[in-house]
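Novice: In our numbering, the protein residues as written are 2 to 384.
Here's a structure for you.
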């Protein structure tokens with residue numbers, strides 16, 4: 002990489018923009034464990050029905066997809082030209098009012114939609130994209146993100162994928178469409194001693210979906226006992242299986258007066274409140290496995306209250322598991338490993354990680370290759 006003319010370090014939003022596809026010889030992508038999900042999220046396309054004529058609907062139903070996308074983009078282009086004409090009319094008065102700014106935003110959105118549909122036209126097939134609809138949009142979402150990396154391989158570009166919890170070579174092959182011969186894997190050991198980040202298996206009960214009703218009273222009793230006996234003057238984070246589990250714990254725990262739970266509207270505010278709270282304090286969340294920094298006294302213990310298996314009620318998840326079970330199991334393992342890393346952020350830090358779900362035993366045994374050495378050191382207490 003050091004001998005290349007252009008090296009670019011990007012965030013995913015910029016990396017996935019079209020202008021970035023054409024630039025550097027080398028790309029450095031951090032947090033590569035989430036690269037595929039970022040690609041899928043970026044690639045989702047929603048087409049408003051106003052651009053889909055009855056003729057276009059017939060084309061789609063008859064599986065003439067190329068003609069369908071061409072028809073839709075013709076309508077998008079027509080609307081874009083109308084807004085351009087309006088913009089020119091107002092700009093002749095040298096006016097910079099809100100109406101002009103609104104027109105400019107609409108034009109940018111339409112241009113972006115046009116480019117997305119053009120891309121969809123070249124990549125769409127029923128086996129690669131999930132199609133859904135609601136009252137306003139026809140939506141397209143890719144099942145996998147491997148196709149995106151093909152752009153770089155075909156251009157013979159180099160990509161450096163970095164993460165504290167990188168996928169194994171097997172998973173990288175599956176998620177990124179790379180062969181072993183195309184991967185050079187470099188692993189750096191952690192400087193954090195396993196002694197400051199122990200993993201304790203307090204395997205209480207089966208926290209699978211079918212067993213929750215009977216399991217939750219048992220697991221709450223264990224949570225309350227561990228905190229009361231070992232962490233009564235400290236702060237901790239409980240990684241809950243879902244919001245229903247978190248709400249149940251908050252409602253039934255003897256320590257509920259010290260607990261706080263966020264929802265989708267106050268996530269950041271609740272995290273700040275927890276970070277600034279005096280101990281004892283306990284944060285309940287189903288979604289703080291990643292992107293959260295809780296060093297030192299901000300978090301001295303964590304508990305994994307249920308493994309998070311992606312819901313098979315979701316048709317996209319169903320398809321992913323059927324076609325590529327590696328990707329499904331990797332998502333579960335990744336969420337556990339990422340959660341483990343929230344509490345220890347320095348060599349002189351300390352945080353204990355408790356696992357309460359008995360499902361961890363069989364899942365770890367069957368998918369040990371998906372767990373990092375860093376995590377396994379915490380389990381064994383040895384490097």
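Note that CB positions come from ideal geometry on N, CA and C, so glycine has one too.
Computed from a predicted structure; not experimentally measured.
Classify residue 72: buried if its beta carbon has 16 or more other beta carbons within 10 angstroms, exposed otherwise.
Specialist: It counts as buried.
Novice: Taking C-beta to C-beta, are residue 342 and residue 195 nearer than 7 Å?
Specialist: Not in contact: residue 342 and residue 195 (Cβ atoms no closer than 7 Å).
Novice: Would you check if the distance between the CB atom of residue 202 and the CB atom of residue 356 is smaller than 7 Å?
Specialist: Yes, Cβ-Cβ distance for residue 202 and residue 356 is below 7 Å.
Novice: Rounded to the nearest angstrom, how far is the Cβ of residue 285 from that of residue 337, given a contact under 8 Å?
Specialist: Actually they are not in contact, since the Cβ atoms of residue 285 and residue 337 sit about 17 Å apart, beyond 8 Å.
Novice: Taking its Cβ as the centre, do 16 or more other Cβ atoms sit within 10 Å of residue 130, making it buried, or is it exposed?
Specialist: Residue 130 is buried by the Cβ-count criterion.
Novice: For the candidate residues 112, 167, 17, 359, whose alpha-carbon lies nearest to that of residue 392?
Specialist: Residue 392 cannot be examined here, being either before or after the span of the chain that is shown, 2 to 384.
Novice: Taking contact to mean at least 3 C-beta pairs separated by less than 8 Å, is the segment 220-240 in contact with the segment 292-302?
Specialist: Yes, since at least three Cβ pairs between the segment 220-240 and the segment 292-302 fall closer than 8 Å, the two stretches touch.
Novice: Give me the residue from 362, 61, 256, 74 with the minimum Cα distance to residue 111.
Specialist: Ranking 362, 61, 256, 74 by Cα distance to residue 111 puts 74 first.
Novice: Below 8 Å on the Cβ atoms is my contact criterion, and I expect residue 118 with residue 221 to pass it. Report the Cβ-Cβ distance as a whole number of Å.
Specialist: About 50 Å separates the two Cβ atoms, so there is no contact after all.
Novice: Grab the span of the alpha helix (DSSP H) containing residue 295 for me, first residue to last.
Specialist: That residue, residue 295, is in no alpha helix (DSSP H); it is neither H nor E in DSSP.
Novice: Relative to the alpha-carbon of residue 312, which residue among 193, 14, 210, 56 has its alpha-carbon at the smallest distance?
Specialist: Residue 312 has its Cα closest to that of 210, out of 193, 14, 210, 56.
Novice: Quickly, what does DSSP pair residue 139 with across the bridge? List them, please.
Specialist: 48, 134.
Novice: Got a sec? Which residues, its chain only, sit under 6 Å from residue 217 by beta carbon, not counting five neighbours each side?
Specialist: Closer than 6 Å at the Cβ level, and outside the excluded window around residue 217, lie 249.
Novice: Kindly indicate the opening and closing residues of the beta strand (DSSP E) around residue 354.
Specialist: Taken as a continuous stretch (DSSP letters only), the beta strand (DSSP E) holding residue 354 covers 353-358.
Novice: Quick check: the segment 258-269 against the segment 322-337, are there 3 or more CB pairs under 8 Å?
Specialist: The segment 258-269 is not in contact with the segment 322-337.
Novice: Counting pairs of beta carbons, one from the segment 140-147 and one from the segment 33-50, are three or more of them closer than 8 Å?
Specialist: With a cut-off of 8 Å, the segment 33-50 and the segment 140-147 count as touching, because enough Cβ pairs lie within range.
Novice: Please report how far the alpha carbon of residue 17 lies from the alpha carbon of residue 230, in whole angstroms.
Specialist: Distance between the alpha carbons of residue 17 and residue 230: 49 Å.
Novice: Within 10 angstroms of the Cβ of residue 375, are there 16 or more other Cβ atoms? Answer buried if so, exposed if not.
Specialist: Buried: at least 16 other Cβ atoms inside 10 Å.
Novice: Go through the segment 46-89 residue by residue and report every complete run of the alpha helix (DSSP H) that reaches 4 residues or more, in order.
Specialist: For the segment 46-89, whole alpha helix (DSSP H) runs of length 4 or above, ordered along the chain, are 55-62.
Novice: Along the alpha helix (DSSP H) that carries residue 253, what are the first and last residues, could you check?
Specialist: That run of the alpha helix (DSSP H) goes 244-253.
Novice: Residues bridged to residue 283 by DSSP?
Specialist: According to DSSP, which records beta bridges pairwise, residue 283 is partnered with 237, 260.
Novice: Would you give the residue range spanned by the alpha helix (DSSP H) that residue 319 belongs to?
Specialist: First-last of the alpha helix (DSSP H) with residue 319: 316-324.
Novice: Does residue 353 pass the burial test, meaning 16 or more other C-beta atoms within 10 Å, or should it be called exposed?
Specialist: Buried: at least 16 other Cβ atoms inside 10 Å.
Novice: Would residue 283 and residue 259 be called neighbours here (beta carbons separated by less than 7 Å)?
Specialist: Taking 7 Å as the Cβ cut-off, residue 283 and residue 259 qualify as a contacting pair.
Novice: So what's residue 125 in DSSP terms, helix, strand or just coil?
Specialist: If DSSP states are grouped into helix, strand and coil, residue 125 belongs with coil.
Novice: What are the boundary residues of the beta strand (DSSP E) that includes residue 201?
Specialist: Where residue 201 is concerned, the enclosing beta strand (DSSP E) stretches over 200-206.
Novice: With C-beta atoms as the reference, is residue 69 less than 7 Å away from residue 60?
Specialist: Contact: yes.
Novice: Could you tell me the distance, in whole angstroms, from the CA atom of residue 128 to the CA atom of residue 100?
Specialist: Those two C-alpha atoms are separated by around 43 Å.
Novice: When the distance is taken between beta carbons, is residue 125 closer than 7 Å to residue 66?
Specialist: Taking 7 Å as the Cβ cut-off, residue 66 and residue 125 qualify as a contacting pair.
Novice: Buried or exposed for residue 109, please, with buried defined as at least 16 other CB atoms from any protein chain shown within 10 angstroms of its CB.
Specialist: Exposed is the call here.
Novice: Can you list, in chain order, the residues of its chain with a C-beta nearer than 7 Å to that of residue 290? Leave out the 5 residues immediately preceding and following it.
Specialist: Contacts found: 240, 336, 339, 340.
Novice: Output yes or no for whether 7 Å exceeds the beta carbon distance between residue 29 and residue 184.
Specialist: Contact flag unset, no.
Novice: Kindly indicate which residue of 317, 347, 326 has the alpha-carbon position closest to the one of residue 42.
Specialist: Ranking the options by Cα distance to residue 42, first place goes to 317.
Novice: Check whether the Cβ of residue 51 lies closer than 7 Å to any Cβ atom in chain D.
Specialist: Here chain D cannot be found, since the structure has a single protein chain.
Novice: Could you check the C-alpha separation between residue 121 and residue 84 for me, to the nearest Å?
Specialist: The alpha-carbon atoms of residue 121 and residue 84 are separated by roughly 24 Å.
Novice: Mind checking which residues open and close the beta strand (DSSP E) that includes residue 161?
Specialist: Its beta strand (DSSP E) spans residues 159-162.
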